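Just add 162 to the spot in the sequence shown (first one is 1) and you have this note's numbering. Comments concern the structure below.
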Amino acid sequence: FYGNTSREVFLTKEWIDPRKDKSLYQNITRVNAVIVVLVRNNELYQIRSSMRQFEDRWNKKFNYPYVFLNDEEFTEEFKTFTSSLTKAKTQYGVIPKQMWSYPQWIDQEEAARKRREMESKGIIYGGSESYRHMCRFNSGFFFLHPLLLPFDYYWRLEPSVDFMCDLDYDPFLFMQKNKLLYGFTISLLEFEATIPTLWKTVKKFVKEHPQYVSKDNIMDFISDDGGKTYNLCHFWSNFEIADLNFWRSSPYREFFNYLDKSGGFFYERWGDAPVHSIAVALFTQKSRVHFFNDIAYRHAPYAHCPEEREYHDTGRCHCNPGNNFESSYSQSNSSLCFANEIILDTKLPDRVG
Ligand code: GDP
Ligand code: MN
163 FYGNTSREVF LTKEWIDPRK DKSLYQNITR VNAVIVVLVR NNELYQIRSS
213 MRQFEDRWNK KFNYPYVFLN DEEFTEEFKT FTSSLTKAKT QYGVIPKQMW
263 SYPQWIDQEE AARKRREMES KGIIYGGSES YRHMCRFNSG FFFLHPLLLP
313 FDYYWRLEPS VDFMCDLDYD PFLFMQKNKL LYGFTISLLE FEATIPTLWK
363 TVKKFVKEHP QYVSKDNIMD FISDDGGKTY NLCHFWSNFE IADLNFWRSS
413 PYREFFNYLD KSGGFFYERW GDAPVHSIAV ALFTQKSRVH FFNDIAYRHA
463 PYAHCPEERE YHDTGRCHCN PGNNFESSYS QSNSSLCFAN EIILDTKLPD
513 RVG
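In structure tokens:
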């Protein structure tokens, strides 16, 4: 079921080039899209920082609406101090309990024992209960939140991230015109200790539902041996521009439910990044995934900064292309998740410096 295993497949597709399609630069053809922000009240100033840059670099031109989500009520202060940063509509929602709690098949004492065990091993967020609810919500529920149901596309925005280039066109319209399902900026390796049984569970699901695996999939991104093992590569999901209806489709819903039943969100610490990435890699086609090279983005400790000269000599960007994650990563000995080769954006870099 694993399909094509040739690397060249990543380099062949042609896009409606944003540099050539003028309609992408006007905000009269807005798409049914939303900025999604899952955030806590005490992250007000971190999210204000992200929003300020997000608005200045892009959204002040398009005014896409925001939906803020929280597992508890947002304070009046939070609402005032975020809505004041944008002309766009802002909505604030509480997450329904069943999307942020234990399903009845989870043994909560076992889950607590596993958290202590992972904490003592120093696994990142290994001891955190809320982090697990967050990852499960982002994996299986955000796209079903009542405030998001009216929308087709979203851009996920987190606190304390930076945008280092102007983006003059509408990436949602770009997604729609190219029939894209998923866009990313950074791909990297997951910590294996957070997902010891994830791949085994994925393989069982796929065996039961072989019809869900796309012919033209990107298994090569997530496995180096045709699907026997997971190579830990994933799209970094703190940034996502994607199609909500992909997550709402029955293959993904059934996939999530299957993973959820296995308990790995609680007994291990499965992140929404590997869960999303594996689903995208298996259930979509490579031609429907896009690397947004032109969106310069930083979420500590990594950043993506476009390396082509045109982004810098024009004054569009302020990041250092020498600090670009993909390049520093490939120059070191650690293995590179080559998802950025999915760039099909034809032009090869005229590198700076
Ligand atoms: P990291 O990026 O993996 O280090 O994790 P973050 O702490 O940034 O969490 C990911 C996203 O979920 C961020 O947008 C956080 O604001 C949000 N988040 C994490 N935990 C909670 C929580 O308990 N409640 C709410 N409302 N948001 C959370
Ligand atoms: Mn974060």
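Note that CB positions come from ideal geometry on N, CA and C, so glycine has one too. All values reported here derive from a predicted model rather than from experimental measurement.
Taking all protein chains shown into account, residue 267 has fewer than 16 neighbouring C-beta atoms within 10 Å of its C-beta and is therefore exposed. In the three-state scheme derived from DSSP, where H, G and I count as helix and E and B as strand, residue 394 is classed as coil. For residue 209, the CB contacts under 6 angstroms within the same chain, skipping 5 residues up- and downstream, are 201 and 321 in chain order. Residue pairing of residue 255 in beta bridges, as defined by DSSP: 231. As the crow flies, the alpha-carbon of residue 335 is around 43 angstroms from that of residue 284.
Contact check for residue 310 against residue 199 fails: the beta carbons are separated by 7 angstroms or more. Residue 461 and residue 211 have their C-alpha atoms spaced approximately 12 angstroms apart. Inclusion of residue 321 in the 6 angstroms shell around the ligand GDP follows from its C-beta lying nearer than that to a non-hydrogen atom of the ligand. Fully enclosed alpha helix (DSSP H) runs of no fewer than 4 residues occupy 333-339 of the stretch 315-356, in order along the chain. For residue 229, the shortest C-beta to heavy atom distance toward the ligand GDP is 6 angstroms or greater.
Proximity of the stretch 324-338 to the stretch 463-470 meets the contact definition, three or more beta-carbon pairs being nearer than 8 angstroms. Relative to the ligand MN, the nearest heavy atom lies less than 6 angstroms away from the CB of residue 400. Inclusion of residue 254 and residue 216 in the CB contact set at 7 angstroms is not warranted, their separation being larger than that value. Of 290, 394, 416 and 440, the smallest CA-CA separation from residue 371 is found for 416.
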